[in-house]
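The opening residue of the sequence shown carries number 52 in the numbering used here; numbering runs sequentially from there.
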Amino acid sequence: MSLALACRGISKRYAASGTSPLTVLRDVDLTLHFGRLSVLMGPSGSGKTTLMRIASCIAAPDAGEVTVMGRTVAALSPKERARLRARHFGFAFQEPRLFDALTAIENVLVGLAISGHVGADATRRAEQALAMTDIVDRATSYPRELSGGQKQRVALARALAGERGILFCDEPTASLDAAAARDIAALLRRLVESHGCAALIVSHDRRFLSVAHEGFSLQDGRLAALDTEGAGA
Ligand code: ADP
Ligand code: MG
Numbered sequence: 052m053s054l055a056l057a058c059r060g061i062s063k064r065y066a067a068s069g070t071s072p073l074t075v076l077r078d079v080d081l082t083l084h085f086g087r088l089s090v091l092m093g094p095s096g097s098g099k100t101t102l103m104r105i106a107s108c109i110a111a112p113d114a115g116e117v118t119v120m121g122r123t124v125a126a127l128s129p130k131e132r133a134r135l136r137a138r139h140f141g142f143a144f145q146e147p148r149l150f151d152a153l154t155a156i157e158n159v160l161v162g163l164a165i166s167g168h169v170g171a172d173a174t175r176r177a178e179q180a181l182a183m184t185d186i187v188d189r190a191t192s193y194p195r196e197l198s199g200g201q202k203q204r205v206a207l208a209r210a211l212a213g214e215r216g217i218l219f220c221d222e223p224t225a226s227l228d229a230a231a232a233r234d235i236a237a238l239l240r241r242l243v244e245s246h247g248c249a250a251l252i253v254s255h256d257r258r259f260l261s262v263a264h265e266g267f268s269l270q271d272g273r274l275a276a277l278d279t280e281g282a283g284a
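(1) Tell me the DSSP secondary structure of A143 in three-state form.
(2) Report all residues from its chain with a CB closer than 6 Å to the CB of S138; omit the five preceding and five following residues, and keep chain order.
(3) Checking the sheet assignment: what are the DSSP bridge partners for F150?
(4) What's the gap between the Cα of R148 and the Cα of S62?
(5) Using CA atoms only, rank isn't needed, just tell me which of S198, Y193 and V253 is closest to F219.
(6) Confirm the yes/no value for this check: CB of T174, any heavy atom of the ligand MG, distance under 6 Å.
(7) Would you list the residues sitting across from R273 in a DSSP beta bridge?
(8) Apart from the five residues on each side of it in sequence, which residues of its chain come closer than 6 Å, Cβ to Cβ, to R204?
(9) The beta strand (DSSP E) spanning M92 covers which residue range?
(10) Helix, strand or coil for D185? Go by DSSP, reduced to three states.
(11) From S89 to T154, what does the alpha carbon distance come to, in whole angstroms?
(12) When the distance is taken between beta carbons, is A206 closer than 7 Å to A143?
(13) Would you say the beta carbon of G98 is closer than 6 Å to some non-hydrogen atom of the ligand ADP?
(14) Closer than 6 Å by C-beta to V124: which residues in its own chain qualify, once you throw out the five before and the five after it? Chain order, please.
(15) Could you tell me which of R77, L83, M52 and A67 sits nearest to A249, measuring between CA atoms?
(16) Taking 6 Å as the line, does the beta carbon of S95 fall inside it for any heavy atom of the ligand ADP?
(17) For A96, count the other beta carbons within 10 Å of its own beta carbon; 16 or more makes it buried, fewer makes it exposed. Which is it?
(18) What I want to know is whether the C-beta of T4 ends up closer than 6 Å to one or more non-hydrogen atoms of the ligand ADP.
(19) Since T224 and A236 are thought to touch, with beta carbons under 8 Å apart, how far apart are those beta carbons, to the nearest angstrom?
(20) In three-state DSSP terms, what is R215?
(21) For the ligand ADP, is there a heavy atom less than 6 Å away from the beta-carbon of V75?
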């Protein structure tokens, strides 16, 4: 099992004006492995998004260390950090955040351009990514012509295109109906297994516990392991 990313001893607090500072994370350790789907659960406001932002090198912790494929993130320049994110990290959120004026494949091409892929090579990679998320038959559709679940598939294709190996999804099924949410959860499991990526899924959705290899829960700033059904499969 190969280590993709490690957060060690992470603490984070926010200074709130007029009140005492709010400690959101206390000495949190989290590791992500290639080929493993990890789900992070916890009540609203428990710090899930904060931890994901720190793991994905968007925000810095107050204490602790993040390493990505063996590189210590704090030792990188802002430019190196941005390049690391663009090359290796894919992001998907509750809302697919597609450009309405662009087709599905054009939305994926925008993501590829960010990691330096253009021209015919980019088109081939975009088609591959749309095939990975089972939506290549709608490559030339506009977002308004797609269902919520189909839009999320395009967003996941954009996140993974160009062989980005580490996927961060913040509440990816929260806007979907139950059937579409189940399909997206199963798709994420398949993507992780067949392409060997590492994925951190933040969700309230307990159905992720049946597809995840590893589960975590955040409460009162502490991370605890959760049982998953997908671990042995
Ligand atoms: P979750 O994703 O689990 O709902 P968040 O990580 O978004 O939780 O937020 C955790 C807590 O930190 C909340 O109480 C939130 O209000 C607070 N918080 C989040 N971001 C900031 C910020 N940039 N400044 C101040 N407080 C914040
Ligand atoms: Mg959140």
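Here a beta-carbon is modelled for each residue, glycine too, at the ideal position from N, C-alpha and C.
Checking against the coordinates, here is how it stands:
(1) strand
(2) The displayed chain sequence assigns Arg, not Ser, to residue 138. Only residues of its own chain outside the window of five on either side were considered, and among them S166 have a CB closer than 6 Å to the CB of R138, listed in chain order.
(3) DSSP output for F150 lists no bridge partner at all.
(4) 30 Å
(5) V253
(6) T174: no, Cβ never under 6 Å from the ligand MG.
(7) Q270
(8) T184 and I186
(9) L88 to M92
(10) coil
(11) Whole-angstrom Cα-Cα distance: 31 Å.
(12) Yes, the Cβ-Cβ distance between A143 and A206 is below 7 Å.
(13) yes
(14) C108 and V117
(15) L83
(16) Within the cutoff, so yes.
(17) It is Gly, not Ala, that sits at residue 96 in the sequence shown. By the neighbour-count rule (16 or more Cβ atoms within 10 Å), G96 is not buried but exposed.
(18) Here the chain comprises residues numbered 52 to 284, so residue 4 is not present and cannot be evaluated.
(19) Rounded to the nearest angstrom, the Cβ distance from T224 to A236 is 6 Å, consistent with a contact under 8 Å.
(20) Residue state, collapsed to three classes: coil.
(21) Between the ligand ADP and V75, a heavy atom-to-CB distance of less than 6 Å is present.
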